[in-house]
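Colleague:
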Amino acid sequence: MFTGLVEEVGTVRERREVDGAVLLTLAASTVTADLAPGDSVAVAGVCLTVTTPRPDGFVADVMPETLDRTTLGRLAPGAPVNLERAVAPHTRLGGHIVQGHVDGVGTVLSRTPGPRWDDLEIGLPPALARYVAQKGSIAIEGVSLTVTHVSDDAFGVSLIPTTLAATTLGALAPGSAVNLEVDVVAKYVERLLATSGAAR
Numbered sequence: 053m054f055t056g057l058v059e060e061v062g063t064v065r066e067r068r069e070v071d072g073a074v075l076l077t078l079a080a081s082t083v084t085a086d087l088a089p090g091d092s093v094a095v096a097g098v099c100l101t102v103t104t105p106r107p108d109g110f111v112a113d114v115m116p117e118t119l120d121r122t123t124l125g126r127l128a129p130g131a132p133v134n135l136e137r138a139v140a141p142h143t144r145l146g147g148h149i150v151q152g153h154v155d156g157v158g159t160v161l162s163r164t165p166g167p168r169w170d171d172l173e174i175g176l177p178p179a180l181a182r183y184v185a186q187k188g189s190i191a192i193e194g195v196s197l198t199v200t201h202v203s204d205d206a207f208g209v210s211l212i213p214t215t216l217a218a219t220t221l222g223a224l225a226p227g228s229a230v231n232l233e234v235d236v237v238a239k240y241v242e243r244l245l246a247t248s249g250a251a252r
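Each number in this note's numbering corresponds to the 1-based position in the sequence shown with 52 added.
Set out below in structure tokens:
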């Protein structure tokens, strides 16, 4: 589990295809402090398992399913990525519950600069719109954000100066593809309502 509060922006150092999967080598400094094989790291919002920790980064396996359903399949060496280690029991939950299980890929439709913030309009798959609520939470590229408005096929977020400076969202341009993870609580509520109705 993650909080959606990015610890650092890392860089894709190498991408090597192995039997339909990809071995991704990432350069990082902060998240490597206590990494061990088997640990989880959110990479651009996608939960990956560390296979080889290194002092200057780590290596992770990316399975075909992940390559097909997220933007990780499009990453090339040199690409910046948001990184966050899994939550420790004593960590403050400053964002929201983020699993690192991407629900779909959205597209940046527009970007409007403000005095100290930028407003983004993000297009999303229509099937995900029912899980997105105004003033609710959503993870974009692993960053926990508050939804400012929502329609049937898009939603808005505002990026504060810290988010603009400390994550990859500051460089997003219209047309950029982004990993989206909706609030897991909304999905569980829908599932509970559906099963309770069937039980009657």
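Glycine included, each C-beta is placed from N, C-alpha and C at the ideal position. Note that this is a predicted model, so its numbers are computed, not measured.
Could you tell me which of Thr-77, Pro-141, Pro-226, Ala-181 sits nearest to Glu-232, measuring between CA atoms?
Modeller: Counting from 1 along the sequence shown, the entry for residue 232 is found at position 180. Looking at the sequence provided, one finds Leu at residue 232 rather than Glu. Comparing Cα positions, the closest option is Ala-181.
Colleague: Might you give, ordered along the chain, the residues of its own chain that have their beta carbon closer than 8 angstroms to the beta carbon of Gly-208, omitting 5 neighbours on each side?
Modeller: Position 156 of the sequence shown holds residue 208. Result list for Gly-208: Asp-171, Leu-172, Glu-173, Ile-174, Val-199, Thr-200, His-201, Val-202, in chain order.
Colleague: Could you tell me the alpha carbon to alpha carbon distance between Asp-86 and Gly-152, rounded to whole angstroms?
Modeller: By 1-based counting over the sequence shown, the position of residue 86 is 34. By 1-based counting over the sequence shown, the position of residue 152 is 100. Approximately 20 angstroms, taken between the alpha carbons.
Colleague: Just to confirm, are Thr-122 and Asp-113 a CB contact at a threshold of 8 angstroms?
Modeller: Here residue 122 refers to the residue found at position 70 of the sequence shown. Here residue 113 refers to the residue found at position 61 of the sequence shown. Contact: no.
Colleague: Are the CB atoms of Glu-60 and Leu-135 within a distance shorter than 8 angstroms?
Modeller: The residue given as residue 135 occupies position 83 in the sequence shown. The residue given as residue 60 occupies position 8 in the sequence shown. In contact: Leu-135 and Glu-60 (Cβ atoms closer than 8 angstroms).
Colleague: Check whether the region 211 to 218 and the region 227 to 241 are in contact - that is, three or more C-beta pairs closer than 8 angstroms.
Modeller: Verdict: no, contact absent.
Colleague: On the three-pair Cβ rule with 8 angstroms, is the region 125 to 134 touching the region 105 to 112?
Modeller: They do not touch, by the three-pair rule.
Colleague: On a CA-only basis, which of Ala-223, Val-93, Ala-185 is nearest Pro-165? Give me that one, please.
Modeller: As a working note, residue 165 is residue 113 in the sequence shown. Of Ala-223, Val-93, Ala-185, the residue nearest in Cα terms is Ala-223.
Colleague: According to DSSP, simplified to helix, strand and coil, what is Val-154?
Modeller: The sequence position of residue 154 within the sequence shown is 102, counting from 1. Val-154: coil per DSSP, three-state reduction.
Colleague: State the CB to CB distance for the pair Val-150 and Ser-196, rounded to an integer number of angstroms; the pair is presumed to be in contact (CB under 8 angstroms).
Modeller: For the purposes of this step, residue 150 is taken as the residue at position 98 of the sequence shown. For the purposes of this step, residue 196 is taken as the residue at position 144 of the sequence shown. Indeed they touch by this definition, with Cβ atoms about 6 angstroms apart.
Colleague: If distances are taken between C-alpha atoms only, which option among Gly-72, Ala-96, Val-234, Leu-245 comes closest to Thr-63?
Modeller: One-based indexing of the sequence shown puts residue 63 at position 11. Residue Ala-96 is the option with its Cα nearest to Thr-63.
Colleague: Taking the runs of the alpha helix (DSSP H) that are 4 residues or longer, which of them lie wholly in the region 138 to 226?
Modeller: Whole alpha helix (DSSP H) segments, 4+ residues: 213 to 218.
Colleague: If you follow the beta strand (DSSP E) that Thr-122 is in, where does it begin and where does it stop?
Modeller: Along the sequence shown, one-based indexing puts residue 122 at 70. Unbroken run through Thr-122: none, as it is neither H nor E.
Colleague: List the endpoints of the continuous beta strand (DSSP E) containing Val-230.
Modeller: The residue you call residue 230 lines up with position 178 of the sequence shown. From DSSP, the beta strand (DSSP E) with Val-230 extends over 229 to 234.
Colleague: Report yes if the CB atom of Thr-82 is closer than 8 angstroms to the CB atom of Pro-105, and no otherwise.
Modeller: Mapped onto the sequence shown, residue 82 falls at position 30. Mapped onto the sequence shown, residue 105 falls at position 53. The answer is no: Cβ separation not under 8 angstroms.
Colleague: Name the one or two DSSP bridge partners that Glu-242 has.
Modeller: Taking the first residue of the sequence shown as 1, we reach residue 242 at position 190. Answer is none; Glu-242 lacks a bridge partner.
Colleague: Is it right to say Val-237 is buried, meaning 16 or more other beta carbons lie within 10 angstroms of its own, or is it exposed?
Modeller: As a working mapping, residue 237 is identified with position 185 in the sequence shown. Val-237 comes out exposed.
Colleague: Between which two residues does the beta strand (DSSP E) holding Asp-71 run?
Modeller: Residue mapping note: residue 71 aligns to position 19 of the sequence shown, counting from 1. Note, Asp-71: premise wrong, no beta strand (DSSP E); not H, not E.
Colleague: Could you pull the start and end residues of the beta strand (DSSP E) that Asp-113 belongs to?
Modeller: Numbered from its first residue, the sequence shown carries residue 113 at position 61. Looking at the DSSP string, the run of the beta strand (DSSP E) that includes Asp-113 is 109 to 114.
Colleague: Considering Cα atoms alone, identify which of Leu-127, Ala-246, Trp-169, Arg-137 is closest to Ala-80.
Modeller: Here residue 80 corresponds to residue number 28 of the sequence shown, with the count starting at 1. Answer by Cα proximity: Arg-137.
Colleague: Please list the terminal residues of the continuous beta strand (DSSP E) segment that includes Thr-103.
Modeller: The sequence position of residue 103 within the sequence shown is 51, counting from 1. Residues 98 to 106.
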